[in-house]
Amino acid sequence: MNIFESYLQDITSLIKKNQKKLNLKQTNSFKGVNLEIPPPNIGSDLSCNICMILAKPNNLDPNNLAVQVRDLIRGHISDFKDIEIAKPGFLNINLSNEAYFNIINNIFLEDNKFGSLKTNDTYNIEFVSANPTGPMHIGHCRGAVFGDVLSNLLKFNGNKVTKEYYINDYGTQIKNFVKSVYLRIREIKYKENFSNEKDLYPGEYIKDIAKKVLDKSKLKFDSFEDSYDFLEKESLHYSMKMIKSDLEKLGILHDSFVSEKSIVNSNALQKAIEKLKKTKHVEEGFLEPPKGEEIKNWKKTKKLIFKSVLFGDDANRALQKNDGSWTYFANDLAYHSNKVLRKYDKLINILGADHTGYVKRIKGAVQALSENKTILECKVCQLVKLFKNGSPFKMSKRAGDFISVNDLLNEVNRDSIRFMMLNRSNDVELEFDFDKVLEKSKENPVFYVQYCHARIQSIFRLINFQVKKKRNIKSTELNFNKYEKEILKKIFEWPKIVKIASNKYEPHRIPFYLYELATLFHSYWSKGNEDDEFKFIKNGKAKQNTMTVIQLILIVLQNGMNILNVSLPSKM
RNA sequence: GCGCCCUUAGCUCAGUUGGAUAGAGCAUCGGUUUUCUAAACCGAGGGUCGUAGGUUCGAAUCCUUCAGGGCGCGCCA
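Shown next, in the form of structure tokens:
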């Protein structure tokens, strides 16, 4: 139960019923009306802005309106103990003991569903989709964790989520990749020097793949062309195996892998283009040269183009190259038509910062393909800046000198990586400081949250307490002190955090919230050092109130960390 | 030139779909442990929320201007 919403509903329906009495001509729009926990200095449990919102269109003084509304509520909503009016027209509400009692028992009842929005949509989330030309690096890692946690969050709400990986196993980069493997094989088998051609992949991992291919095959590898099909299949197999293993170590498992090649070999593209020709989103035409850097071999030729300008893009986009073959975007359009046909309620793509310029055209494509029925949302993750020994650490996949996820996992545990990757909004660059993450100290927020759990479990151990599945409290037990009340308010806010994080696709709000909750807990814990009154355990027994509060914390910690898929150790 | 993102304390960043005195962590300074885990806690200093306007009861948040930084701007993938 989200108390903010249910109480707000009580208030709004009460006001609607008494519309005439309150001299309200307009109560149609309650937009902007909300009920929330006020800043600590206000002191009350809840605060409502409804009178300020309604005053203007009805030409009323917000303060006078607040007085009337207060009197109205007093007789009708029993969960509200008292209501005060503050400056411009806030209603500051305190909850009755009865209300606390109901809310808490409801949380116990909901348990591992507490906070869930209880929606039932289908989602397709495409994320990672790293090119199968090498292992995952740290930049992929951010999008990977982001997509995974967003999926978990949406599942927590009751939705069905398909986590999808689009394998770019088609095009010139794959040829270069396969050629690199071929040359490494020649190097091993015939002691030939590796070529220094520009677009090849020189990285060490190519040698590993080459060795594995050699172990498996007795072919002579005399000619690149003759062995190409076999080599491509094997090279892709091993690079995808590498990537999947990295993902698995991060705790990420995709439900679906879609190969670009399979899309190309289907008739999806032809069908999509036929459809878009009818709606005039695709036409033959000419394109102007790009405005950025000058391109050498620019030719103004007639070709099929997608009119992405209709969707706010800077320019229309080519579906064909000069030689008439399809562009990457054309294949991606086909892939997205395939997604549209699978009839998800919502599509989400998680992209890296270098793909920002791609968003408008692909969103436009989905809009056109689905006739505005399917919404594609693109979330862009900004760069990860690596720091080592206090200075920035550059990486380049082509040169082969990058920090792979595997390297990272050898030094930093999975929990820290997952938590750290979400410790920033996706909209800002993330500084990933190797030294700090390795320190395993309080600088690493994941420990702080885990430590909170470890302390709770230590209390349970000391008094031999077993958490029961069916729990409830009796109203007589309600006598929370100010620290406990503060923690309770934070806990009541959990559903709101879930809601905002879900609606805005901003999973980072969850680690931030958990950190704040942990702060309140640690602070309360330490109060026992100053004053025996606040000790959790006395004479081998714990106070009922305290046990109630820490069990509620436990529920939120478990629900939150489950979404993050970060462990909660019982001892640290 | 254009598009997207960013600009909040010395540093790194949160900020409740517009709310009340703008918050954390780190750093600095001071304090807390015979007592449930000090991987912790408490206190102090530190702010023109990049700039200039606008919208309104109310703006860090919405709109516009300008400045600074990042990413991108293929008929590559």
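First residue of the first sequence: 66, per this note's numbering; consecutive thereafter.
Ideal placement from N, C-alpha and C gives every residue a C-beta, glycine not left out.
Check: What is the residue span of the beta strand (DSSP E) that residue 640 lies within?; Outcome: Look at the range of the chain in this structure, 66 to 637, and you will see that residue 640 is not part of it.
Check: Of all the options 430, 116 and 635, which has the alpha carbon lying nearest to the alpha carbon of residue 526?; Outcome: 635
Check: Check this for me: beta carbons of residue 469 and residue 104, under 8 Å apart or not?; Outcome: no
Check: In chain order, what residues of the same chain lie with their CB nearer than 8 Å to the CB of residue 220, ignoring the 5 residues before and after it?; Outcome: 226
Check: Output the distance between the C-alpha atoms of residue 172 and residue 111, rounded to the nearest integer angstrom.; Outcome: 18 Å
Check: Please report how far the alpha carbon of residue 74 lies from the alpha carbon of residue 224, in whole angstroms.; Outcome: 25 Å
Check: Between which two residues does the alpha helix (DSSP H) containing residue 404 stretch?; Outcome: 393-406
Check: Please report how far the alpha carbon of residue 115 lies from the alpha carbon of residue 532, in whole angstroms.; Outcome: 41 Å
Check: Taking the C-alpha atoms as reference points, what is the distance between residue 624 and residue 81?; Outcome: 36 Å
Check: Give a yes or no on whether the C-beta atoms belonging to residue 486 and residue 211 are separated by under 8 Å.; Outcome: yes
Check: Is it buried or exposed, residue 355, if we count other Cβ atoms within 10 angstroms and call 16 or more buried?; Outcome: exposed
Check: At what residues does the beta strand (DSSP E) containing residue 593 begin and finish?; Outcome: Taken as a continuous stretch (DSSP letters only), residue 593 belongs to no beta strand (DSSP E), being part of the alpha helix (DSSP H) at 574-595.
Check: Take residue 30 as the anchor and find which of 613, 549 and 602 has the nearest alpha-carbon.; Outcome: The displayed coordinates of the chain run from 66 to 637. Any statement about residue 30 would go beyond what the structure contains.
Check: So the beta strand (DSSP E) residue 452 belongs to, where does it begin and stop?; Outcome: 449-453
Check: Taking residue 67 and residue 411 to be in contact with their CB atoms under 8 Å, please state how far apart those CB atoms are, rounded to whole angstroms.; Outcome: In fact, because the Cβ distance is near 21 Å, the residues do not count as touching under 8 Å.
Check: Can at least three beta-carbon pairs, one atom from the region 438-455 and one from the region 493-504, be found at a separation below 8 Å?; Outcome: yes
Check: Enumerate, from N- to C-terminal direction, the unbroken beta strand (DSSP E) stretches of 3 or more residues contained entirely within the region 233-300.; Outcome: none
Check: Taking the C-alpha atoms as reference points, what is the distance between residue 618 and residue 435?; Outcome: 44 Å
Check: If I measure Cβ to Cβ from residue 135 and keep anything under 7 Å in the same chain, skipping five residues before and after, which residues do I get?; Outcome: 148, 150 and 156
Check: Alpha carbons only, please: which of 261, 265 and 254 is nearest the one belonging to residue 283?; Outcome: 254
Check: With a threshold of 8 Å, are at least 3 pairs of Cβ atoms found where one atom belongs to the region 152-167 and the other to the region 117-137?; Outcome: yes
Check: For the candidate residues 353, 377 and 342, whose alpha-carbon lies nearest to that of residue 369?; Outcome: 342
Check: Would you tell me roughly how many angstroms separate the C-alpha atoms of residue 367 and residue 395, rounded to the nearest one?; Outcome: 16 Å
Check: Return the first residue and the last residue of the beta strand (DSSP E) that residue 155 is part of.; Outcome: 155-160
Check: Return the residue from the list 70, 88, 142 and 163 that minimises the CA-CA distance to residue 540.; Outcome: 163
Check: With 16 other CB atoms within 10 Å as the buried threshold, where does residue 91 fall?; Outcome: exposed
Check: So, for residue 233: in the same chain, excluding its five sequence neighbours on each side, which residues have a beta-carbon less than 6 Å away from its beta-carbon?; Outcome: 196 and 325
Check: What do you reckon, are the CB atoms on residue 441 and residue 476 nearer than 8 Å?; Outcome: no
Check: Give the range of the alpha helix (DSSP H) segment to which residue 418 is assigned.; Outcome: Run containing residue 418: none; DSSP gives neither H nor E here.
Check: Suppose contacts are defined by Cβ-Cβ distances below 8 Å. Is residue 230 in contact with residue 376 by that definition?; Outcome: no
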